[in-house]
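Just so we're aligned, residue 2 is where the first sequence starts under the numbering used here, counting upward by one. Note that the Cβ used here is the ideal one computed from N, Cα and C, for glycine as well.
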Amino acid sequence: MDDQTRMLTGLTGLGGLSQADVGDPDSVRKQQSLGQPQQDIGDILQQIMAITDESLDEAQARKHALNCHRMKPALFSVLCEIKEKTVLSIRGVQEEDPPDPQIMRLDNMLLAEGVSGPEKGGGSAAAAAAAAAAGGSPTDSSIEHSDYRAKLAQIRQIYHSELEKYEQACSEFTNHVMNLLREQSRTRPISPKEIERMVAIIHRKFSSIQMQLKQSTCEAVMILRSRFLDARRKRRNFNKQATEVLNEYFYSHLSNPYPSEEAKEELAKKCGITVSQVSNWFGNKRIRYKKNIGKFQEEANLYAVKTAVDAANVSAQASQANSPATPNSGTTCTPTRNVLLFV
DNA sequence: TTGTATGATTGGAC
DNA sequence: GTCCAATCATACAA
Numbered sequence: 002m003d004d005q006t007r008m009l010t011g012l013t014g015l016g017g018l019s020q021a022d023v024g025d026p027d028s029v030r031k032q033q034s035l036g037q038p039q040q041d042i043g044d045i046l047q048q049i050m051a052i053t054d055e056s057l058d059e060a061q062a063r064k065h066a067l068n069c070h071r072m073k074p075a076l077f078s079v080l081c082e083i084k085e086k087t088v089l090s091i092r093g094v095q096e097e098d099p100p101d102p103q104i105m106r107l108d109n110m111l112l113a114e115g116v117s118g119p120e121k122g123g124g125s126a127a128a129a130a131a132a133a134a135a136g137g138s139p140t141d142s143s144i145e146h147s148d149y150r151a152k153l154a155q156i157r158q159i160y161h162s163e164l165e166k167y168e169q170a171c172s173e174f175t176n177h178v179m180n181l182l183r184e185q186s187r188t189r190p191i192s193p194k195e196i197e198r199m200v201a202i203i204h205r206k207f208s209s210i211q212m213q214l215k216q217s218t219c220e221a222v223m224i225l226r227s228r229f230l231d232a233r234r235k236r237r238n239f240n241k242q243a244t245e246v247l248n249e250y251f252y253s254h255l256s257n258p259y260p261s262e263e264a265k266e267e268l269a270k271k272c273g274i275t276v277s278q279v280s281n282w283f284g285n286k287r288i289r290y291k292k293n294i295g296k297f298q299e300e301a302n303l304y305a306v307k308t309a310v311d312a313a314n315v316s317a318q319a320s321q322a323n324s325p326a327t328p329n330s331g332t333t334c335t336p337t338r339n340v341l342l343f344v
């Protein structure tokens, strides 16, 4: 009898269980058709399976019995031999995966959108950029901007909560497997390297789940962003007061209707719109006025009168206060450009 | 429904 | 970068 057979034969008596005890007809059939070693393996398997049905105390006692069994060193050495023969098949397994470019792309995108990484900047910057590009009014912009940020924060919160859950589950599962392998290493040969490899496999599985989470988050951010941009693109007419302020400036500077950056900022503040909207308005107004001066003549006269009345009022107030008054003070004009078109 | 007004966008020139 | 010119897309009045 060789070592392996001796050991297996010895182990059959370990738990004091026989096929009759477990009443497995399949094992009985095997016993009849196969030789003694196969029968012994069947016994061992049955004993192992039976352990799972036992209470913790019983299992501990059985484990202790197994660890103290006189044949255990022999079993260990046989398993070492078997492993030595089979280990070649797993030596070629790739140890380290290169960083996945898709994960890197997703990470970069989540960072840029402000979903991962520090909370400030990111998303709000993206929202601000989108708002600036679309050029909505500050009031609406701030509403939609805050709405965008709130929704982004929601996505961020869900993402981090899910990520935390995955990481916790991964950590728990890894610990469980490591403990199991360490425990098993008392009865079969398991090197630390193999435990590491198993941990790496588990991490790979969990990172693929993480990638799905990242992909879903990216999609959600993209949808949110496109909806936000679509909403910004909807045109709304400026209110009457804003149009009046802009027209007043335009017709009172008809010889040079090119407000400076400071003037634009002031007008934007007065009208409750953005500087880029002021620029758009003046661009449109100049071109449309130039194309059809006749049509705008009445409007020009109206504002000329209005400006004159306002100037007179200001002048009267100024003389009362004994100080010189300048209409549209605080708004400077850029050097003349295309001025002849507007004379 | 249709025509007009108007804010936004785009491409080219400077 | 600004500005012009053409154009698009939507709001609004008839």
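Given a cut-off of 8 Å, decide if C219 and M110 are closer than it, judged by their beta-carbon atoms. Residue 110 sits at position 109 when you count from the first residue of the first sequence. Residue 219 sits at position 218 when you count from the first residue of the first sequence. Yes, they are a contact pair.
Member of K307, L214 and L303 whose CA lies at the smallest distance from the CA of I156: Reading the first sequence from its first residue, position 155 is the one you call residue 156. Out of K307, L214 and L303, L214 has the C-alpha closest to the C-alpha of I156.
V178 to F207 span [Cα, whole Å]: Along the first sequence, one-based indexing puts residue 178 at 177. Along the first sequence, one-based indexing puts residue 207 at 206. Distance between the alpha carbons of V178 and F207 is about 14 Å.
Cut-off 8 Å between Cβ atoms - residues of its own chain near E300, not counting five sequence neighbours on either side: Within the first sequence, residue 300 is the residue found at index 299, counting from 1. Once the five neighbours on either side are set aside, the close Cβ partners of E300 are N248 and Y252.
Counting C-beta neighbours from all protein chains within 10 Å, is the total for R7 16 or more, i.e. buried, or is it exposed? The sequence position of residue 7 within the first sequence is 6, counting from 1. Bear in mind that the predicted position of R7 carries a pLDDT of just 40, short of 50, making it unreliable; the figure below should be weighed with that in mind. Under this definition R7 is an exposed residue.
For T10, which of helix, strand or coil comes out of DSSP? By 1-based counting over the first sequence, the position of residue 10 is 9. Note that T10 scores a pLDDT of 39, beneath 50, so its modelled location is shaky; the value from the coordinates is reported in the next line. In the structure shown, T10 sits in a helix (DSSP, three-state: H, G or I).
Return the Cβ separation of K271 and V310 in integer angstroms, given the expectation that the two are a contact with Cβ distance under 8 Å. Looking up residue 271 in the first sequence gives position 270. Looking up residue 310 in the first sequence gives position 309. That pair is no contact at about 19 Å.
K121 by DSSP, collapsed to three states: which one? Residue mapping note: residue 121 aligns to position 120 of the first sequence, counting from 1. Any reading at K121 must be qualified, since the residue scores a pLDDT of 46, below 50, and its modelled position is unreliable; the value itself is stated next. If DSSP states are grouped into helix, strand and coil, K121 belongs with coil.
CA-CA distance, S117 and C171? The sequence position of residue 117 within the first sequence is 116, counting from 1. The sequence position of residue 171 within the first sequence is 170, counting from 1. So the alpha carbons of these two residues sit roughly 20 Å apart.
Reducing DSSP to helix, strand and coil, say where P190 ends up. Indexing the first sequence from 1 puts residue 190 at position 189. Here P190 sits in coil by DSSP.
How should Q298 be labelled, buried or exposed, when 16 other C-beta atoms within 10 angstroms of its C-beta is the threshold for buried? Along the first sequence, one-based indexing puts residue 298 at 297. Classification of Q298: exposed, given that the 10 Å Cβ count is below 16.
Residues of its chain near A305, where Cβ-Cβ distance is below 7 Å and the 5 sequence neighbours each way are ignored: On the first sequence, position 304 is the one that residue 305 refers to. Excluding residues within five positions, the ones whose Cβ falls inside 7 Å are Y252.
Sequence-distant residues of the same chain with beta carbon closer than 8 Å to I210, five excluded per side: In the first sequence, residue 210 corresponds to position 209, counting from 1. Excluding residues within five positions, the ones whose Cβ falls inside 8 Å are Y167.
Closest by CA to N68, which one among L164, S186 and M199? Here residue 68 refers to the residue found at position 67 when the first sequence is read from its first residue. Measuring from the Cα of N68, the nearest candidate turns out to be S186.
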